[in-house]
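>
Number of protein chains: 2
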Amino acid sequence: MTHAAQIAKPGVPASKEMQAGKTRRAICEAAIGCLDEMGYADTSLTRIQERAGLSRGALTHHFPTKEDLIAATLDMLLGRSVMTGKRVERAAWSKLPDEEARVRAHLKWLWERLVRTPEGRSLMEILMAARTDKALGKRTAKSLIEWDARMGTAIVEVYESPDLDDADVVTLWAICRVFMRGMLAHERFTRNRAEETLIVDRFIELIAPHLKLR
Amino acid sequence: MTHAAQIAKPGVPASKEMQAGKTRRAICEAAIGCLDEMGYADTSLTRIQERAGLSRGALTHHFPTKEDLIAATLDMLLGRSVMTGKRVERAAWSKLPDEEARVRAHLKWLWERLVRTPEGRSLMEILMAARTDKALGKRTAKSLIEWDARMGTAIVEVYESPDLDDADVVTLWAICRVFMRGMLAHERFTRNRAEETLIVDRFIELIAPHLKLR
DNA sequence: TCCTACAGACCGACCAGTCGGTCTGTCAAC
DNA sequence: GTTGACAGACCGACTGGTCGGTCTGTAGGA
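Which chain is which? The protein sequence lines are A and B, in order. Reading the first sequence from the start, the letters are residues 13 to 226 in the numbering used here. Reading the second sequence from the start, the letters are residues 13 to 226 in the numbering used here.
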């Protein structure tokens, strides 16, 4: 049995656990790419492994089952988008003079930089898969609900309601996320990007007056 | 080669083409059920065939490829929901005294009777699959865009804008559909149906003032 | 000398799609 | 009206390929 020489990673290998973490991240990254480009149905372990430039052994070493891999990828995706609210202050458009224009810019940024991205799309793929795959659904339930809660507490630090309470801000924020995720699927109905932009902009116009920056 | 006796259909067989149509419909119905309950990834031809109570031969006779089957199922799903607008007048809630209450009831009906159903969910599964499956995407593109256009012309017969033009009604109607489809995926984030209802109701509250019955 | 990171051969199950064969309703020729 | 050729509805065994997952083995840092 002739084993090809182990490919010595050229970059600094650092300590073992650091290397392991790096590999795990590379695998999840590859999974995100596959989910985005091929959809959940065509995202196989073999394809993820090839995309990550690893062997089957490496994959199963870090993630014994596919469910483990998807769950880890989901956690990575969610982890990346918790800080959304916090960033609000520092972003370039925070200098806009009109307050409502700033809210609109924030929502547009959410759509373009967070949802309409490989990450947003792969999250959507996992959500849809978790709907029917009971094992995956149960496995991911906790992460999803907790993330949703954290999202709620984070957003009330940024926005307040002009005439209702904080709970309404949380609800409106959920509506935004729901709409934008739905928009990812609506792409199929539109002839071009302009139609898509029209719908998103109208939605933002609809919701912006009900959100006030703190 | 001993072939089991053909199963003589007990119900009235009618003419050949009627029988064929009935079988095709049964297959699509089975596909809808599978898509709803198992998702696109786990909807195999074998499972559809078993659910429809037919042989593999029957399935491939009517639909040579899986793509053919999905496309036909999609057309069936779209066909069922064109008449949405027309029904508006006759529905029970059309007797409600307050105009805006009638709009709200209509939107709620849309959510509960059209989107949050096996049909709505299976449509969503196909939309998501068509996003990454290029062949399926190309195959279904025409149906989807045409349906969207028909939906637009149908809705302006029912609604008008209180202070904008018909084009805005079309956009708002698209926003409703986008939101509700997104809601199908959001289910995973919510603890219970009450949270779900809260979000949907708030959305309806947001949009109803911008739609006026003709 | 372990233990961990990784390699890759391998497995049974299942996939979409193919194919030879068996029925039965339809219809034209007689 | 009977018959016989034909079309099409339907059957189920089968194929090549892919799936997720298992297992044995190697390399190298601690």
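Even for Gly, the Cβ is constructed at its ideal location relative to N, Cα and C.
(1) Listing by chain order, which chain B residues have their CB less than 7 Å from the CB of residue 53 of chain A?
(2) Can you tell me whether DSSP reads residue 240 of chain B as helix, strand or coil?
(3) Helix, strand or coil, according to DSSP, for residue 171 of chain B in the structure here?
(4) Can you give the beta carbon distance from residue 174 of chain A to residue 224 of chain A, rounded, assuming they're within the 8 Å contact cut?
(5) Which of the three DSSP states is assigned to residue 225 of chain A in this structure?
(6) So what's residue 87 of chain B in DSSP terms, helix, strand or just coil?
(7) So, with DSSP's three-state summary, where would you put residue 127 of chain A?
(8) Rounded to the nearest angstrom, what separates residue 110 of chain B and residue 191 of chain A at their Cα positions?
(9) Please list, in chain order, all residues of the same chain as residue 128 of chain A whose beta carbon is under 8 Å from its beta carbon, the five residues on each side excluded.
(10) Under 7 Å between the Cβ atoms of residue 30 of chain B and residue 140 of chain A?
(11) Find out if the Cβ-Cβ distance for the pair residue 85 of chain B, residue 40 of chain B is shorter than 7 Å.
(12) Report yes or no: is there a C-beta of chain B within less than 7 Å of the C-beta of residue 167 of chain A?
(13) Can you confirm whether the stretch 198-208 of chain B touches the stretch 151-167 of chain A when touching is taken to mean that 3 or more C-beta pairs between the two stretches lie within less than 8 Å?
(14) Are residue 172 of chain B and residue 52 of chain B closer than 7 Å when you measure CB to CB?
(15) Out of A/149, A/226, A/94, A/91, state which residue places its alpha-carbon closest to the alpha-carbon of residue 203 of chain B.
(16) Residues of chain A with a CB under 8 Å from the CB of residue 63 of chain B: which are they?
(17) Tell me the DSSP secondary structure of residue 18 of chain B in three-state form.
(18) Using three-state DSSP, classify residue 65 of chain A as helix, strand or coil.
(19) If contact means a Cβ-Cβ distance below 8 Å, which residues of the stretch 164-197 of chain A contact chain B?
(20) Since residue 160 of chain B meets chain A, which of its residues come closer than 7 Å, beta carbon to beta carbon?
(21) Between which two residues does the alpha helix (DSSP H) harbouring residue 205 of chain A extend?
(22) Check whether the Cβ atoms of residue 144 of chain A and residue 50 of chain B sit closer than 7 Å, and answer yes or no.
(23) Taking residue 226 of chain A as the reference, give the member of A/168, A/67, A/64, A/118 with the closest Cα.
(24) Which of the three DSSP states, helix, strand or coil, is assigned to residue 75 of chain A?
(25) Mark residue 118 of chain A as exposed unless 16 or more other C-beta atoms lie within 10 angstroms of its C-beta, in which case mark it buried.
(26) In whole angstroms, what separates the C-alpha of residue 36 of chain A from that of residue 146 of chain B?
(27) So, at 7 Å on beta carbons, what are the nonlocal neighbours of residue 228 of chain A in its own chain, with the 5 sequence-adjacent residues on each side left out?
(28) Select from the stretch 110-130 of chain B all residues with a C-beta closer than 7 Å to any C-beta belonging to chain A, and list them in chain order.
(29) Along chain A, in chain order, which residues have C-beta atoms closer than 9 Å to that of residue 214 of chain B?
(30) Whole angstroms are fine: how far does the CA of residue 206 of chain B sit from the CA of residue 183 of chain A?
Short version:
(1) Chain B residues near residue 53 of chain A: 52, 53, 141.
(2) Missing from the structure shown is residue 240 of chain B; chain B here goes from 13 to 226 and no further.
(3) Strand, per DSSP.
(4) By a beta-carbon distance limit of 8 Å, residue 174 of chain A contacts residue 224 of chain A. Their separation comes to about 5 Å.
(5) Strand at residue 225 of chain A.
(6) Per DSSP, reduced to three states, the secondary structure at residue 87 of chain B is helical.
(7) Correct three-state label for residue 127 of chain A: helix.
(8) If you draw a straight line from the Cα of residue 110 of chain B to the Cα of residue 191 of chain A, it comes to about 28 Å.
(9) Around residue 128 of chain A: 192, 195, 196.
(10) Contact flag unset, no.
(11) It is a contact, given that the beta carbons lie within the stated cut-off.
(12) Residue 167 of chain A has a beta carbon lying at 7 Å or more from every beta carbon in chain B.
(13) The stretch 151-167 of chain A, when compared against the stretch 198-208 of chain B, does touch it at the 8 Å Cβ threshold.
(14) Against a cut-off of 7 Å, the Cβ pair of residue 52 of chain B and residue 172 of chain B comes out as no contact.
(15) Considering only alpha carbons, the answer is A/149.
(16) Within chain A, no residue comes near residue 63 of chain B; the closest Cβ sits about 15 Å away, beyond 8 Å.
(17) Confidence at residue 18 of chain B is low in this model, with a pLDDT of 30, below 50, so the placement of that residue should be treated as unreliable; the coordinate-derived value is given next. Under the three-state reduction of DSSP output, residue 18 of chain B falls in the coil class, being neither helix nor strand.
(18) DSSP places residue 65 of chain A in coil when its eight states are reduced to three.
(19) Taking 8 Å as the Cβ-Cβ cut-off, the stretch 164-197 of chain A approaches chain B at 180, 183, 184, 186, 187, 189, 190, 191, 192, 193, 194, 195, 196, 197, given in chain order.
(20) Per Cβ cutoff of 7 Å: 201.
(21) Segment 205-219, the alpha helix (DSSP H) holding residue 205 of chain A.
(22) Taking 7 Å as the Cβ cut-off, residue 144 of chain A and residue 50 of chain B qualify as a contacting pair.
(23) Measuring from the Cα of residue 226 of chain A, the nearest candidate turns out to be A/168.
(24) The three-state reading of DSSP puts residue 75 of chain A in coil, since its state is none of H, G, I, E or B.
(25) Its Cβ being crowded by 16 or more others within 10 Å, residue 118 of chain A is buried.
(26) The alpha-carbon atoms of residue 36 of chain A and residue 146 of chain B are separated by roughly 30 Å.
(27) Absent from the model: residue 228 of chain A. The displayed extent of chain A is 13 to 226, so no value can be given.
(28) Answer set for the stretch 110-130 of chain B: empty.
(29) Neighbours of residue 214 of chain B across chain A, judged by C-beta separation under 9 Å: 180, 183, 184, 186, 187.
(30) Cα-Cα distance, rounded: 12 Å.
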